[in-house]
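Order-wise, the sequence lines are chains E and C. Quick note: the first sequence, position 307, residue 307 per my numbering, numbers continuous. Quick note: the second sequence, position 108, residue 108 per my numbering, numbers continuous. Ideal Cβ placement from N, Cα and C applies to all residues, glycine included.
There are 2 protein chains.
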Amino acid sequence: MKKLRWGIIGAADIARQNWRAIYDSGNSVVAGVAGRNVERTSQFITQCQADYAFEGMPRVFNNYHQLIDSPEIDAVYIPLPTGLRKEYVLRAAKAGKHILCEKPCGLCGDDVQEMIETCRDHNVQFMDGVMFMHNPRLRRIREVLNDSRNIGQIKRISSMFSFCASEEYMRTNIRLHSELEPAGCLGDLGWYNIRFSLWTMNWQLPHAVTGRIISQRANQSSPAPTPADFSGELLYNDVSAGFFCSFLTASQQWSIISGSDGSLSLTDFVHPANIHEPSFEVNQVQERVKCCDCTGAHTDSRTYGQDTLMIRNFVNQINSGRLNEEWPRIALLTQRVVDACYESAVQNNKLVLL
Amino acid sequence: MKKLRWGIIGAADIARQNWRAIYDSGNSVVAGVAGRNVERTSQFITQCQADYAFEGMPRVFNNYHQLIDSPEIDAVYIPLPTGLRKEYVLRAAKAGKHILCEKPCGLCGDDVQEMIETCRDHNVQFMDGVMFMHNPRLRRIREVLNDSRNIGQIKRISSMFSFCASEEYMRTNIRLHSELEPAGCLGDLGWYNIRFSLWTMNWQLPHAVTGRIISQRANQSSPAPTPADFSGELLYNDVSAGFFCSFLTASQQWSIISGSDGSLSLTDFVHPANIHEPSFEVNQVQERVKCCDCTGAHTDSRTYGQDTLMIRNFVNQINSGRLNEEWPRIALLTQRVVDACYESAVQNNKLVLL
Numbered sequence: 001m002k003k004l005r006w007g008i009i010g011a012a013d014i015a016r017q018n019w020r021a022i023y024d025s026g027n028s029v030v031a032g033v034a035g036r037n038v039e040r041t042s043q044f045i046t047q048c049q050a051d052y053a054f055e056g057m058p059r060v061f062n063n064y065h066q067l068i069d070s071p072e073i074d075a076v077y078i079p080l081p082t083g084l085r086k087e088y089v090l091r092a093a094k095a096g097k098h099i100l101c102e103k104p105c106g107l108c109g110d111d112v113q114e115m116i117e118t119c120r121d122h123n124v125q126f127m128d129g130v131m132f133m134h135n136p137r138l139r140r141i142r143e144v145l146n147d148s149r150n151i152g153q154i155k156r157i158s159s160m161f162s163f164c165a166s167e168e169y170m171r172t173n174i175r176l177h178s179e180l181e182p183a184g185c186l187g188d189l190g191w192y193n194i195r196f197s198l199w200t201m202n203w204q205l206p207h208a209v210t211g212r213i214i215s216q217r218a219n220q221s222s223p224a225p226t227p228a229d230f231s232g233e234l235l236y237n238d239v240s241a242g243f244f245c246s247f248l249t250a251s252q253q254w255s256i257i258s259g260s261d262g263s264l265s266l267t268d269f270v271h272p273a274n275i276h277e278p279s280f281e282v283n284q285v286q287e288r289v290k291c292c293d294c295t296g297a298h299t300d301s302r303t304y305g306q307d308t309l310m311i312r313n314f315v316n317q318i319n320s321g322r323l324n325e326e327w328p329r330i331a332l333l334t335q336r337v338v339d340a341c342y343e344s345a346v347q348n349n350k351l352v353l354l
Numbered sequence: 001m002k003k004l005r006w007g008i009i010g011a012a013d014i015a016r017q018n019w020r021a022i023y024d025s026g027n028s029v030v031a032g033v034a035g036r037n038v039e040r041t042s043q044f045i046t047q048c049q050a051d052y053a054f055e056g057m058p059r060v061f062n063n064y065h066q067l068i069d070s071p072e073i074d075a076v077y078i079p080l081p082t083g084l085r086k087e088y089v090l091r092a093a094k095a096g097k098h099i100l101c102e103k104p105c106g107l108c109g110d111d112v113q114e115m116i117e118t119c120r121d122h123n124v125q126f127m128d129g130v131m132f133m134h135n136p137r138l139r140r141i142r143e144v145l146n147d148s149r150n151i152g153q154i155k156r157i158s159s160m161f162s163f164c165a166s167e168e169y170m171r172t173n174i175r176l177h178s179e180l181e182p183a184g185c186l187g188d189l190g191w192y193n194i195r196f197s198l199w200t201m202n203w204q205l206p207h208a209v210t211g212r213i214i215s216q217r218a219n220q221s222s223p224a225p226t227p228a229d230f231s232g233e234l235l236y237n238d239v240s241a242g243f244f245c246s247f248l249t250a251s252q253q254w255s256i257i258s259g260s261d262g263s264l265s266l267t268d269f270v271h272p273a274n275i276h277e278p279s280f281e282v283n284q285v286q287e288r289v290k291c292c293d294c295t296g297a298h299t300d301s302r303t304y305g306q307d308t309l310m311i312r313n314f315v316n317q318i319n320s321g322r323l324n325e326e327w328p329r330i331a332l333l334t335q336r337v338v339d340a341c342y343e344s345a346v347q348n349n350k351l352v353l354l
């Protein structure tokens, strides 16, 4: 089968990881990268290619539209700042390109809905770039949650996702820019907390949410501050999910699902510490999940990393000739809940109904 | 030195543990127990005495006032329902008895303030029954928090304290009675979450709090429902503490202090799993704290349990002839924050300033 040809729009740092994942996917290649600065884009390609060399040298595109319109590109990966995504997602969909979009997918749910509808109308796949969704660990956790002998009825989901940004990062990174990333750490990190909670609840929407901006920061070119510490709560009938995300707190990515009879916990729910055997604990007992059915250790376990699996799943779906309708749906659900938490926060922690 | 003579007011289940702790304290004895039902009180004494026999048989008092007024009693332990405590604390203080009071100490901060002032006026000691405060682990955790090489600046405190009550418990226990225990799980369990957060913050009061009753229940004789699932948040400048407590969720008692450079966590912050060597983790590395300076294992590690240490510390303080002013102060602080969280909850999660 012919390999799917990716175009990367914007030579962002996160794109380096996905370059590698595309390389490892086995079913696709990077065919081109578009950047605003030709020299920087060429440099990005040279650097990535030095580590993970595709047979055909990926092409440098001078601008995003050129890449989107190119017949040499089948799918685009969009790691642009959130504030710029909608324009290029719409244009790419209309050009018939499948779309893997970084999160938060858009500035608001209505934008994302329009993006998704445009994708559906033009028969292209939409997916948000949440790698942990593709980790085989989730399937096993679902089995454990479904088995009433483990934790019983779910009562509380607690989670935290944080990293402590350097002074330099705070000064310059776009995540601290109020127009490019208005939801700040809520969009960048809280997206994962919310996504994991929604997944745990089998995509049931909470009936209401609250959110609070605990600290805010602005980078040197930001017109206004953006959330840097955020806490929120998703409210269901008899279940609640509390989360905290932060650019100011040392790296943590724990999630604890507490039930009437026990609890299930992960200390690394976003990026598993052990790629080959991601683990979790059920009632204090560790369970390891094999990344595949093989019996021995892989010489290169990257092949089964969740980033590689994400790319491989995306490409397999396209190769199947059918669109996956679940992926856009859960991206939109997540965005709606992120929006509601943010709305609550800017209205002083007001209860926002969904 | 003559042993301090305790009177227990109300033969509650928790009193069995403190009977044992008084027995193990080495510096005090149970001299009497007062109950409303003489037969039940005698039975309580006989049962406790069978396991931990004081030389002199503790006396059965027919009513609380008789015990309080008895010249054979030096200090009282009050495990009565919260709604009944104020009357007996005031009376005991006026009778010159030192007071160890279960938590929540009263129905509101103003009541507790009156209780404490009356104790001060009558030169008697007041302390709330929070055993973990007497665990040597806390001193070591403080050293770790004070050492900037460990977790840096504190940013977030997360904690959960829960147990899953049986149907029978829900139907009959006073903790589900809206008049005797109006704060429900917030008073019974959240008290510990809040206390631990205040301790972590060196008793600094948050500038504001919020609280939410997520589920409520009433026992069969309760006029109204009382909180059974509660979430709250304490807000400081650039620090926040989120907690969850519940009668409906399987036993959990974790606390995580997250800082700019790392984190410190306890999975058993209320009742340490290992009495002899309570532990905690700093940046994923476990540290064990010896319960005392001895080199070998104790034949009876109960002697160093935090419940025994609480009694011993209380009695030592009284024997010193000086009052400890910190203990009543932190009981009142805790009550004020509990009150504020409760007020927020009944006002639909409104921000309550302190």
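Assumed close pair residue i, residue j - CB separation to whole angstroms, cut-off 8 angstroms
i: E/L67; j: E/A34; result: 4 angstroms
i: C/Y52; j: C/R20; result: 5 angstroms
i: C/S178; j: C/A241; result: The pair is not a contact, with the Cβ atoms about 27 angstroms apart (cut-off 8 angstroms).
i: C/Q17; j: C/D307; result: 6 angstroms
i: C/C341; j: C/G187; result: Not really, about 10 angstroms apart at Cβ, beyond 8 angstroms.
Between the CA atoms of residue j and residue i - distance to the nearest angstrom
i: C/G262; j: C/F244; result: 22 angstroms
i: E/G26; j: C/G184; result: 57 angstroms
i: E/R156; j: C/H122; result: 46 angstroms
i: C/R142; j: E/G7; result: 53 angstroms
i: E/N313; j: E/N319; result: 10 angstroms
i: E/I99; j: E/D74; result: 9 angstroms
i: C/V209; j: C/L235; result: 6 angstroms
i: C/Y192; j: C/F280; result: 17 angstroms
i: E/V76; j: E/Q204; result: 30 angstroms
i: C/F132; j: E/D229; result: 30 angstroms
i: C/Q317; j: C/N324; result: 7 angstroms
i: E/N37; j: E/R217; result: 28 angstroms
i: C/M57; j: C/K3; result: 15 angstroms
i: E/R322; j: E/C119; result: 13 angstroms
i: E/T172; j: E/A165; result: 11 angstroms
i: E/F54; j: E/R85; result: 27 angstroms
i: C/S344; j: C/S231; result: 11 angstroms
i: C/H271; j: C/C291; result: 14 angstroms
i: C/D268; j: C/S162; result: 11 angstroms
i: E/P104; j: E/Q335; result: 7 angstroms
i: C/Y88; j: C/G152; result: 45 angstroms
Short Cβ contact (8 angstroms threshold) for residue i with residue j
i: C/G96; j: C/V124; result: yes
i: E/M115; j: E/G109; result: no
i: E/M160; j: E/Q252; result: yes
i: E/V60; j: E/T41; result: yes
i: E/I257; j: E/I194; result: no
i: E/V289; j: E/R137; result: yes
i: E/S255; j: C/T249; result: no
i: C/E72; j: C/R140; result: no
i: E/E168; j: E/R175; result: no
i: E/L354; j: E/P206; result: yes
Coil, strand or helix - residue i by DSSP
i: E/V33; result: strand
i: E/G275; result: In the sequence on display, residue 275 of chain E carries Ile and not Gly. E/I275 falls in the coil class under three-state DSSP.
i: C/C119; result: helix
i: C/R142; result: helix
i: C/Q73; result: With the sequence shown as reference, residue 73 of chain C is identified as Ile, and Gln is not the correct amino acid for it. In the structure shown, C/I73 sits in coil (DSSP, three-state: anything other than H, G, I, E or B).
i: E/S42; result: helix
i: C/H98; result: strand
i: C/W254; result: strand
i: E/M310; result: helix
i: E/R171; result: helix
i: E/G187; result: helix
i: E/W327; result: helix
Local Cβ density within 10 Å of residue i, reported as buried at 16 or more and exposed below that
i: E/Q47; result: exposed
i: C/Q220; result: exposed
i: E/G14; result: Strictly speaking, residue 14 of chain E in this sequence is Ile, with Gly absent from that position. E/I14 should be labelled exposed.
i: E/R390; result: For chain E, the structure presents residues 1 to 354; residue 390 of chain E sits outside this window and is missing.
i: E/D111; result: buried
i: E/P223; result: exposed
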